[in-house]
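So in this note's numbering, spot 133 of the sequence shown is number 134, and the numbers just go up one at a time. Positions of the beta carbon are idealized from the N, C-alpha and C atoms, including for glycine.
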Amino acid sequence: MSADRPGQAHLPTGHQTQWRGGLRAVTTDRPGTQPVKEQPTARPARDLVDQIRLAVAVSLDELGHDDVPAPENRDPAAEHARVLALAQEEITAWVVRNAQAGRPPVPLSFERELAQAVVASMAGLGALLPLLEREDVENIHIHGYDRVWLELADGSLERWPYVVADSDATLITMVADLAARMGRTAREFSPANPMVSFRIPAGGLLGARLSAVMSLTDRPRIAIRRHRLHDVGLDDLVRAGTVDFLLVAFLRAAVRAGKNIVVTGGPYTGKTTILRALAREIPANEHLITVEDDAELGLDLLGTHSLVTPLEARQANAEGVGEVTLDDLLKQTLRHSPSRVLVGEVRAGEVTSLLRALGNGAAGGMCTLHAASASAVTDRIAALGQLATPPLPVEAAYRWSASALHLVVHLAKADHHDPRTGQFSRQRYVTEIAELGPVGDTGRPDLTHLFSPRPVDGRAIPAFPPSPGLLADLIRHGFDPGLLHRGEGDWQPAFLRRDLS
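Spelled out as C-alpha cells, the structure:
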C-alpha cells in the first residue's frame, strides 16, 4: 500500500486501511436485480479503532461514578450519544496530530467510518453496526462469519462483501457476549443452549431482534430483523398502502370502543407494525401492559403513553432454572391493574391465559398470531390451547374465543419483480377483517367477514355488515356507517403509495 494515500503512512504495518476507488457493483442471488452501487469508502484499521476505543474508555473512567448512572438507570440512546461524542473528540485530536506531523489530510468519510467502528466496538456489535444502520435493510442473514446477505425493504437480496468476524468461533463468542449483556434479561448462548433470540439496541429507536443458532447447523446461523417502522400511526399506513381510509376509520373506532383484536398473517406481513399503529389509537391516559417473548413493540419508548409496563419472558439458564414464560407474565398482568394488555405474539399454551384475561373483562386487548387466514384463527387457537398445562379442551377453546375476542385483522404480503427494469417491490396490506360471534351449529364461533379481499389485488373491501351490537359501539366512537357502502373501499391508487422508510 502506497504511503502517499490519505491516512496510510501513520497506520501500523499490516493493518492499513483499504481504500477503494470508483463504484463497486454488489452481486445478488436474484436474476434481473440491478447492481447496487456504493460510494468509495474506507475500512478503519483494527489497531486504530482499538487505539481510539482505549482513549474513549479512559475518558469514560475519568468522568467518575457520579456522572455515570447505575446500569439499571441507563438510557441506551444517551449512552450511545455519550460514547459517540467522546469518540469524535478523540478522532478530532488524532486528525490534528496527523496534520501537525505533515501527513496527508484524512477524509471526513473516513472519520465517520472510524467513529462508527469505535462505537460498534465498545457496544460489542463490531462489524454488524454498519448493516444495522442502513435504512434500506429489513433482514440480515449471516451464514457463518464470511457469508452475509441483506434482505432489503423492496424484497431484493444483496450480498455483503465483508466478513463480520474473524472466524465462526469469534462470531459465536460475539453473539454470546451480546446475549448476556443486551435486552432486559441476560440470555445464554452456548452448546448447552444452542438457540437464542434477543433485542439489540441498534438500527433505530426500537433496535433489532437477533436470533442465532449454533451446533445444530454446519455453521452458526444468525438472522437479524430490523424494526424499520416504529413511530407510525394508521394514517401513515394509508400512505404505505397497508390500509385505506375506510379501514382506518373502522379500526380507530374499534380500538376506542375497547374491542379485543387479533392481528394475524404469515411471517413478515407487518403484524407488529400494525399492532403498534393500533396502540397509538388507545387514549394516552390508559395503562398499557405489553407481554412479549422478545421485546419488539417498544411502546414504552415511543412516548405516546405515560403508563406502559413492558414485560419480557426469560429463558432458563444451563441448569434449567430461572425461566419466566409468557404464561407466567400474563398471569401477573392482572395484578398490575392494566387498562389494556397487548401480547406481541401468541405462540403456545399462553393463549389460555390470554383468553382468560380478555374474557374476564380486560377490554381492548390485542395480540398477534400466525394464521393462514381469518377463518383459520379459532382452529389455530384451539391447537395452541392443546399446548397449555393442562391442555385446554377444543370445545372450551372455541367457547372462550367466542366470548373473549371480537375482531380478526388479517394481513398479507406480496413481492413483485419487474423483469424489464429489474426492480423489486414489496407490499403489505390488510386483506380481511372478521367479526367473531357466538358458537354456532358447527361447534365453532360464527365468523362474519366484514371486509374481504378484492379480486384485483387482495386488499380488503366491505363485504357483510357488522352485528348490530358492534355497529352501535363503533358509531358511539365516531364511525360513520355510511362508509361501509363504498363497495370498492377507499384505497389509494398505486402511484400515490410510498414506502415509509
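Nearest-angstrom beta carbon gap, residue j and residue i [assumed within contact, 8 Å]
{"i": "Pro456", "j": "Gly488", "result": "Contact flag wrong, Cβ pair sits at about 12 Å."}
{"i": "Gly350", "j": "Asp380", "result": "The Cβ separation is near 16 Å, so there is no contact."}
{"i": "Val352", "j": "Leu385", "result": "4 Å"}
{"i": "Ala166", "j": "Gly127", "result": "7 Å"}
{"i": "Ile53", "j": "Ala88", "result": "6 Å"}
{"i": "Val263", "j": "Val409", "result": "5 Å"}
{"i": "Arg210", "j": "Glu297", "result": "6 Å"}
Extent of the continuous beta strand (DSSP E) run through residue i
{"i": "Leu472", "result": "Here Leu472 belongs to no beta strand (DSSP E); instead the alpha helix (DSSP H) covers 469–477."}
{"i": "Tyr430", "result": "424–440"}
{"i": "Lys414", "result": "408–419"}
Exposure of residue i, with buried meaning 16 or more beta-carbon neighbours within 10 Å
{"i": "Ala118", "result": "buried"}
{"i": "Glu436", "result": "buried"}
{"i": "Val59", "result": "exposed"}
{"i": "Thr34", "result": "Confidence at Thr34 is low in this model, with a pLDDT of 38, below 50, so its placement is unreliable and the value that follows should be read with caution. Thr34 should be labelled buried."}
{"i": "Pro482", "result": "exposed"}
{"i": "Tyr430", "result": "buried"}
{"i": "Leu330", "result": "buried"}
{"i": "Pro131", "result": "buried"}
{"i": "Asp366", "result": "At residue 366 the sequence reads Gly, which differs from the Asp that was named. By the neighbour-count rule (16 or more Cβ atoms within 10 Å), Gly366 is buried."}
{"i": "Asp416", "result": "exposed"}
{"i": "His411", "result": "buried"}
{"i": "Arg477", "result": "exposed"}
According to DSSP, residues forming a beta bridge with residue i
{"i": "Thr291", "result": "Pro311, Leu343"}
{"i": "Ala508", "result": "Residue numbering for the chain in the displayed model covers 2 to 502; residue 508 lies beyond these limits and cannot be assessed."}
{"i": "Gly266", "result": "His371"}
{"i": "Phe452", "result": "Ile434, Pro463"}
{"i": "Glu152", "result": "Asn140, Leu158"}
{"i": "Leu211", "result": "Phe199, Ile225"}
{"i": "Asp286", "result": "Note on residue identity: the sequence assigns Asn, not Asp, to residue 286. Asn286 is not bridged to any residue."}
{"i": "Asn361", "result": "Answer is none; Asn361 lacks a bridge partner."}
{"i": "Pro446", "result": "Val440"}
{"i": "Ser191", "result": "Asn194"}
Span of the alpha helix (DSSP H), counted from its first residue to its last, around residue i
{"i": "Ala403", "result": "395–405"}
{"i": "Phe251", "result": "246–257"}
{"i": "Ala180", "result": "169–182"}
{"i": "Asp481", "result": "Counting along the chain, Asp481 falls outside any alpha helix (DSSP H), and DSSP gives it neither H nor E."}
{"i": "Gly321", "result": "Premise fails: Gly321 is in no alpha helix (DSSP H) and is neither H nor E."}
{"i": "Val239", "result": "235–240"}
{"i": "Val378", "result": "378–386"}
{"i": "Lys260", "result": "No alpha helix (DSSP H) holds Lys260; DSSP gives it neither H nor E."}
{"i": "Ala278", "result": "272–280"}
{"i": "Asp301", "result": "300–303"}
Decide if the segment 148–165 is in contact with the segment 239–251; the criterion is three or more beta carbon pairs, one per stretch, under 8 Å apart. Output reads no: the segment 239–251 does not touch the segment 148–165.
Can we say the segment 265–285 touches the segment 460–475, given the rule of at least three CB pairs closer than 8 Å? no
Does the segment 340–354 touch the segment 206–217, meaning 3 or more C-beta pairs lie closer than 8 Å? no
Is the segment 214–233 touching the segment 168–183, taking contact as three or more C-beta pairs under 8 Å? yes
Could you tell me whether the segment 247–267 touches the segment 280–293, where touching means 3 or more Cβ pairs closer than 8 Å? With the cut-off at 8 Å, the segment 247–267 and the segment 280–293 touch.
Is the segment 283–303 in contact with the segment 332–343, if contact means three or more CB pairs nearer than 8 Å? yes
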